[in-house]
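Protein chains in written order, with this note's numbering: chain A, 2 to 56; chain B, 15 to 64; chain C, 203 to 722.
Glycine included, each C-beta is placed from N, C-alpha and C at the ideal position.
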């Protein structure tokens with residue numbers, strides 16, 4: 002385990018530091034999740050439409 | 015989380031009050047899920063035989 | 203033993219120690235109950251795991267291992283041990299940790315903790331014995347008017363009451379901490395997550411009591427059978443809500459493991475805490491999706507509870523799903539792992555089982571569990587998925603790939619820090635989360651796609667052997683059931699490896715008292 006100890010990290014968990022909001026990789030991962038959701042959700046509505054015809 | 019000189023925002027006051035959270039956390043699902051579900055079942059008209 | 207009077211918190215002399223690794227205070231009374239509950243959790247996990255492999259090899263048509271009666275018996279055993287006993291025993295351990303160590307407070311009541319533990323343990327044993335005696339083949343849901351032996355309900359009630367007392371002890375710790383001002387300002391985020399889990403537990407256990415007490419009296423012949431619709435409404439108030447305790451405890455575990463493994467800190471306190479508040483207020487309502495095809499409740503009730511309100515809880519999961527990896531990314535970039543979009547992820551401590559279990563849990567929960575959950579909870583889509591194998595495909599990604607894997611990651615720190623014993627066979631420890639994670643992904647995907655072919659859940663023989671008319675599923679469904687079976691074997695090997703490593707560490711592991719734990 003690297004320093005500082007957990008107790009110090011918890012004490013300082015509310016402090017903000019420079020670079021606290023640089024997270025481009027997570028933004029891409031999140032966009033990928035959203036894309037997967039859109040595809041899966043659409044496929045399910047399509048499957049429903051195939052068996053449940055609206056007249 | 016906040017500057018001691020400034021008033022505590024309402025959302026943070028809610029988050030720092032475990033008893034209010036407990037009350038709301040029990041009341042909201044009880045009303046929305048349980049009580050409404052019961053009422054919904056009790057008021058459902060009985061199916062008639064064809 | 204390094205017991206000492208501590209400069210922080212409200213501990214009495216000799217009743218606490220400072221953790222040599224983390225510097226956190228550890229209440230020695232709470233430590234005993236963390237150990238007891240964690241041991242019972244792992245025993246329940248072992249029982250559930252034996253059930254899991256037997257079921258996996260029965261649902262794989264090429265093997266079809268168990269006879270019909272034992273299939274439903276083992277399905278009951280597996281569901282209750284995995285979804286109730288393993289998870290809630292460990293959650294009570296987490297509450298004792300969060301309520302004392304993180305809030306720097308002594309355990310509110312040792313007597314209450316003993317009562318809670320004994321009731322839970324007796325309840326779990328009584329329920330399991332009743333199931334194995336073959337008098338409770340009612341599956342986890344035990345839908346009335348399907349009736350089990352009264353000891354089955356009694357065991358569940360004792361367990362629930364014990365768990366409620368454990369939760370009460372946690373709230374008493376919170377009350378003492380606030381009275382003695384053992385923490386400044388807001389409580390730490392992980393403790394706040396545990397508080398959210400405890401509130402959800404209260405709702406779940408109260409529903410369990412309302413559903414199971416009349417059912418128990420009915421099984422004793424003292425009451426008429428409860429109305430089937432009423433029972434289902436109330437039972438899902440514990441059945442699904444106990445899984446929402448898992449979600450909250452799992453997210454808290456993610457934050458804790460992110461801090462322990464890469465030194466991450468929450469990205470934004472207000473955002474993270476607001477997401478927990480959304481869980482507290484709205485996640486329990488989502489239980490309604492189990493009743494989407496029930497005729498007894500109105501369309502308005504179904505639409506409100508599964509659409510508008512459920513999406514507020516989904517929003518909370520999406521917030522955590524963003525803030526947790528973002529916190530890891532920020533921490534990694536600050537350490538210099540700043541190359542490209544994913545240099546931080548490539549350079550993450552993948553050989554640390556605490557990290558790999560946590561991050562795999564995050565990915566499996568979000569990408570498989572989250573996406574399938576929102577889709578299946580949509581009222582219209584639910585009609586093509588209800589009671590198919592797609593449903594267990596979803597919750598094996600959330601509860602097993604998500605919660606259980608995260609809890610395994612937590613154990614890789616709980617054993618060295620609380621039991622003060624080191625894991626042996628470190629290479630096997632590093633491999634274990636991958637074995638289990640890959641196995642459970644195959645199980646989940648196999649189940650989900652087999653379900654898309656219409657394969658039902660809770661069904662002993664989807665080939666309908668001996669039926670007068672030939673009926674079965676096409677080859678695509680069989681490929682998927684085979685994939686599920688292979689995944690079940692892999693996951694079982696991963697799970698058994700975890701249990702053996704943990705049991706060895708707890709009883710025979712090298713002691714680390716007086717020094718920091720060996721870094722992963």
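Just verifying my parser: in three-state terms, what is the DSSP assignment at residue i?
| i | result |
| --- | --- |
| residue 205 of chain C | Model confidence at residue 205 of chain C stands at a pLDDT of 41, short of 50, so the residue's coordinates are unreliable; what they give is reported in the following sentence. Of the three classes helix, strand and coil, the one that applies to residue 205 of chain C here is strand, per DSSP. |
| residue 581 of chain C | helix |
| residue 468 of chain C | coil |
| residue 3 of chain A | Because the pLDDT at residue 3 of chain A is just 47, under 50, the model does not fix this residue reliably, and the value given afterwards should be weighed accordingly. Looking at residue 3 of chain A - three-state DSSP - the assignment turns out to be coil, as it is neither helix nor strand. |
| residue 623 of chain C | strand |
| residue 428 of chain C | coil |
| residue 347 of chain C | coil |
| residue 720 of chain C | coil |
| residue 24 of chain B | helix |
| residue 332 of chain C | helix |
| residue 446 of chain C | helix |
| residue 64 of chain B | coil |
| residue 665 of chain C | coil |
| residue 554 of chain C | coil |
| residue 15 of chain B | With a pLDDT of 49 at residue 15 of chain B, under the threshold of 50, the modelled position of this residue cannot be trusted, and the question is left open. |
| residue 266 of chain C | coil |
| residue 313 of chain C | helix |
| residue 419 of chain C | helix |
| residue 261 of chain C | helix |
| residue 14 of chain A | coil |
| residue 372 of chain C | helix |
Between residue i and chain A, is any beta-carbon pair separated by less than 8 Å?
| i | result |
| --- | --- |
| residue 583 of chain C | yes |
| residue 531 of chain C | yes |
| residue 528 of chain C | yes |
| residue 535 of chain C | yes |
| residue 471 of chain C | yes |
| residue 568 of chain C | yes |
| residue 611 of chain C | no |
| residue 617 of chain C | no |
| residue 653 of chain C | no |
Which partner residues does residue i have in the DSSP bridge list?
| i | result |
| --- | --- |
| residue 227 of chain C | C:220 |
| residue 535 of chain C | Note: residue 535 of chain C sits in no beta bridge, so no partner. |
| residue 713 of chain C | C:623 |
| residue 590 of chain C | C:658 |
Note the first and the last residue of the continuous alpha helix (DSSP H) segment covering residue i.
| i | result |
| --- | --- |
| residue 708 of chain C | 677–710 |
| residue 499 of chain C | From DSSP, residue 499 of chain C is part of no alpha helix (DSSP H); its letter is neither H nor E. |
| residue 542 of chain C | From DSSP, residue 542 of chain C is part of no alpha helix (DSSP H); its letter is neither H nor E. |
| residue 305 of chain C | That residue, residue 305 of chain C, is in no alpha helix (DSSP H); it is neither H nor E in DSSP. |
| residue 386 of chain C | Taken as a continuous stretch (DSSP letters only), residue 386 of chain C belongs to no alpha helix (DSSP H), as it is neither H nor E. |
| residue 635 of chain C | 628–654 |
| residue 293 of chain C | 289–299 |
| residue 26 of chain A | 25–52 |
| residue 615 of chain C | 607–616 |
| residue 22 of chain A | No alpha helix (DSSP H) contains residue 22 of chain A, which DSSP labels as neither H nor E. |
| residue 286 of chain C | No alpha helix (DSSP H) holds residue 286 of chain C; DSSP gives it neither H nor E. |
| residue 52 of chain B | 50–57 |
| residue 40 of chain B | 32–43 |
Any Cβ of chain C within less than 8 Å of the Cβ of residue i?
| i | result |
| --- | --- |
| residue 7 of chain A | yes |
| residue 48 of chain B | yes |
| residue 52 of chain A | yes |
| residue 58 of chain B | yes |
| residue 30 of chain A | yes |
| residue 47 of chain A | no |
| residue 36 of chain A | no |
| residue 35 of chain B | yes |
| residue 28 of chain B | yes |
| residue 12 of chain B | Any question about residue 12 of chain B goes unanswered here, given that chain B covers just 15 to 64. |
| residue 21 of chain B | no |
| residue 55 of chain A | no |
Please confirm if residue i has its CB atom under 8 Å from at least one CB of chain B.
| i | result |
| --- | --- |
| residue 402 of chain C | yes |
| residue 454 of chain C | no |
| residue 503 of chain C | yes |
| residue 546 of chain C | no |
Give the interface partners of residue i over in chain D, defined as CB-CB distance under 7 Å, in chain order.
| i | result |
| --- | --- |
| residue 391 of chain C | Reference to chain D is not applicable here, since the protein chains of this structure are A, B and C. |
May I ask you to verify whether the segment 531–547 of chain C touches the segment 25–42 of chain A, counting CB pairs closer than 8 Å and requiring at least 3? yes
Can we say the segment 554–565 of chain C touches the segment 452–461 of chain C, given the rule of at least three CB pairs closer than 8 Å? yes
At a cut of 8 Å, does the segment 316–323 of chain C reach the segment 358–376 of chain C through at least three beta carbon pairs? yes
Check whether the segment 680–695 of chain C touches the segment 710–718 of chain C, taking contact to mean three or more Cβ pairs, one atom from each stretch, closer than 8 Å. no
Decide if the segment 643–660 of chain C is in contact with the segment 595–607 of chain C; the criterion is three or more beta carbon pairs, one per stretch, under 8 Å apart. yes
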